[in-house]
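*Asks:*
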Amino acid sequence: MILMSRVLTNALGKRQPALSIDEALYLAKEAGIATKAELQRFIVASPSFSADKSPFLISNFFNEKRKYESFNTVKDDITRESDRGECIIASQQVGETSKIDKIIAEKTGHGSNDPQQMFWHNGAYWNARAEGHGTCMRSTTRVILKRGSGVIKVNGEEDLYKRWPIFYNRMDVVEPFYLAGCCGMYDLFIETRGGGVTGQSRSTRLAVARALVNANPSIKFNVEGKPLMVPIIKLAAALYEDIRQKMPKMPGRTGARSLRKWRKR
3 MILMSRVLTN ALGKRQPALS IDEALYLAKE AGIATKAELQ RFIVASPSFS
53 ADKSPFLISN FFNEKRKYES FNTVKDDITR ESDRGECIIA SQQVGETSKI
103 DKIIAEKTGH GSNDPQQMFW HNGAYWNARA EGHGTCMRST TRVILKRGSG
153 VIKVNGEEDL YKRWPIFYNR MDVVEPFYLA GCCGMYDLFI ETRGGGVTGQ
203 SRSTRLAVAR ALVNANPSIK FNVEGKPLMV PIIKLAAALY EDIRQKMPKM
253 PGRTGARSLR KWRKR
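To get the working numbering, take the position in the sequence shown, counting from 1, and add 2.
Structural data, given as structure tokens:
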């Protein structure tokens, strides 16, 4: 702000006293200049799901698909047309993995008599309800997935962007949906305790990934009806638990590993 006032005084060619903070802020507002705190507040208040192409938001979260360099992303038109059909129930188009999942669901009684407990999406049957548990550092999280439209609530009625104001923490929470290709298909209810903001987001990421695997076990080895050598969720380490813990302070030391400065005399 002081630099701006100096530039203005040099432009006017007159020696004037430095502007006050209020005057400098007023001139900045008139010039359309935003402060760092205002930009951070704009980023923090941004929603987790958005179709806006702004660089501060997730662009086309429901439409785009993540592309990994290790996979061949070239697809012919016939495959694209077959992937778009999400409500096909014909037995000829059911993959081997989907048949196995259906048989297991019928034998175990998960929605065999009640079709509302399972639904067809992306070439496989999904449970309408699933649960998962995850831990990271000092935080533990339990999540419940219910068939819905993508509503996310944390510890009751708290919104996602209020619980995790930082952008990459929110991305950790919703990334398993992005990898599994089921964005907007479930309502997510999160109950998290202990730890900090980042630890809770990472434990929630693990819990959501486990819940999605419980809802549809075929997503570990099957993506878009094509078997893969490496599961797509495991590629992003969504199913790996971070068991690292902070070491406690040791006796005779200033910390877990650090020692006092040694002096000969």
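No residue lacks a Cβ here, since even glycine has one placed at the ideal position from N, Cα and C. All values derive from a computational prediction rather than experimental measurement.
Please state whether DSSP places residue 209 in a helix, a strand or coil.
*Replies:* The answer is helix: DSSP assigns residue 209 an H, G or I state.
*Asks:* Give me, in chain order, the residues of the same chain whose beta-carbon lies closer than 6 angstroms to that of residue 156; leave out the 5 immediate sequence neighbours on both sides.
*Replies:* Contacts found: 165 and 192.
*Asks:* Which class does residue 25 belong to by DSSP, given the choice of helix, strand or coil?
*Replies:* DSSP places residue 25 in helix when its eight states are reduced to three.
*Asks:* State yes or no: is the C-beta of residue 213 within less than 7 angstroms of the C-beta of residue 160?
*Replies:* No; because the gap between Cβ atoms is not below 7 angstroms, this pair is not in contact.
*Asks:* Between the Cα of residue 207 and the Cα atoms of 20, 172 and 127, which residue gives the shortest distance?
*Replies:* The shortest C-alpha separation from residue 207 is found at 172.
*Asks:* I'd like to know whether the C-beta atoms of residue 275 and residue 240 end up nearer to each other than 7 angstroms.
*Replies:* The shown model of the chain, from 3 to 267, leaves out residue 275, and the question about it has no answer.
*Asks:* Helix, strand or coil: which one does DSSP assign to residue 240?
*Replies:* Looking at residue 240 - three-state DSSP - the assignment turns out to be coil, as it is neither helix nor strand.
*Asks:* How is the beta strand (DSSP E) around residue 120 delimited, first residue to last?
*Replies:* Element bounds for residue 120: 120-123.
*Asks:* Quick one: what's residue 169 bridged to in DSSP?
*Replies:* Answer is none; residue 169 lacks a bridge partner.
*Asks:* Along the beta strand (DSSP E) that carries residue 2, what are the first and last residues, could you check?
*Replies:* No information on residue 2 is available, as it lies outside the stretch 3 to 267 that the chain covers here.
*Asks:* Taking 6 angstroms as the limit between beta carbons, can you name the residues of its chain near residue 183, skipping five residues before and five after?
*Replies:* Here the set comprises 124.
*Asks:* Following the continuous beta strand (DSSP E) through residue 138, name the residue where it begins and the one where it ends.
*Replies:* Start and end: 131-138.
*Asks:* Can you look up residue 32 in the DSSP assignment and give me helix, strand or coil?
*Replies:* Looking at residue 32 - three-state DSSP - the assignment turns out to be helix.
*Asks:* Going by other Cβ atoms of all chains shown within 10 Å of its Cβ, with 16 needed for buried, is residue 247 buried or exposed?
*Replies:* With fewer than 16 other Cβ atoms within 10 Å, it is exposed.
*Asks:* Are residue 256 and residue 262 close, meaning C-beta to C-beta below 7 angstroms?
*Replies:* In this structure, residue 262 lies closer than 7 angstroms to residue 256 by Cβ.
*Asks:* How far does the beta strand (DSSP E) with residue 155 in it reach, from first residue to last?
*Replies:* 154-156 is the span of the beta strand (DSSP E), which, as asked, contains residue 155.
*Asks:* Do residue 203 and residue 136 come within 7 angstroms of each other at the CB atom, strictly closer than that value?
*Replies:* Cβ atoms of residue 136 and residue 203: not closer than 7 angstroms.
*Asks:* So, is residue 260 buried or exposed, given that buried needs 16 or more other C-beta atoms within 10 angstroms?
*Replies:* The residue in question, residue 260, is exposed, as its Cβ has fewer than 16 Cβ neighbours within 10 Å.
*Asks:* Whole angstroms are fine: how far does the CA of residue 145 sit from the CA of residue 158?
*Replies:* Their backbone Cα atoms lie some 12 angstroms apart in a straight line.
*Asks:* Which term fits residue 249, buried or exposed, when burial requires 16 or more other beta carbons within 10 angstroms of its beta carbon?
*Replies:* Classification for residue 249: exposed.
*Asks:* When the Cα of residue 243 is compared with those of 210, 31 and 23, which residue comes out closest?
*Replies:* Per the Cα distances, 210.
*Asks:* Can you give me the C-alpha to C-alpha distance between residue 22 and residue 198, rounded to a whole angstrom?
*Replies:* About 39 angstroms.
*Asks:* Short check: CB of residue 218 to CB of residue 128, under 7 angstroms?
*Replies:* A contact, by the Cβ cut-off of 7 angstroms.
*Asks:* Exposed or buried, residue 270, counting other C-beta atoms within 10 Å across all chains shown (16 or more means buried)?
*Replies:* Nothing can be reported for residue 270, as the shown portion of the chain is limited to 3 through 267.
*Asks:* In whole angstroms, what is the alpha-carbon distance linking residue 258 and residue 138?
*Replies:* Between residue 258 and residue 138, the C-alpha separation is close to 20 angstroms.
*Asks:* Beta carbon of residue 189, beta carbon of residue 153: below 7 angstroms?
*Replies:* Yes. Within cutoff.
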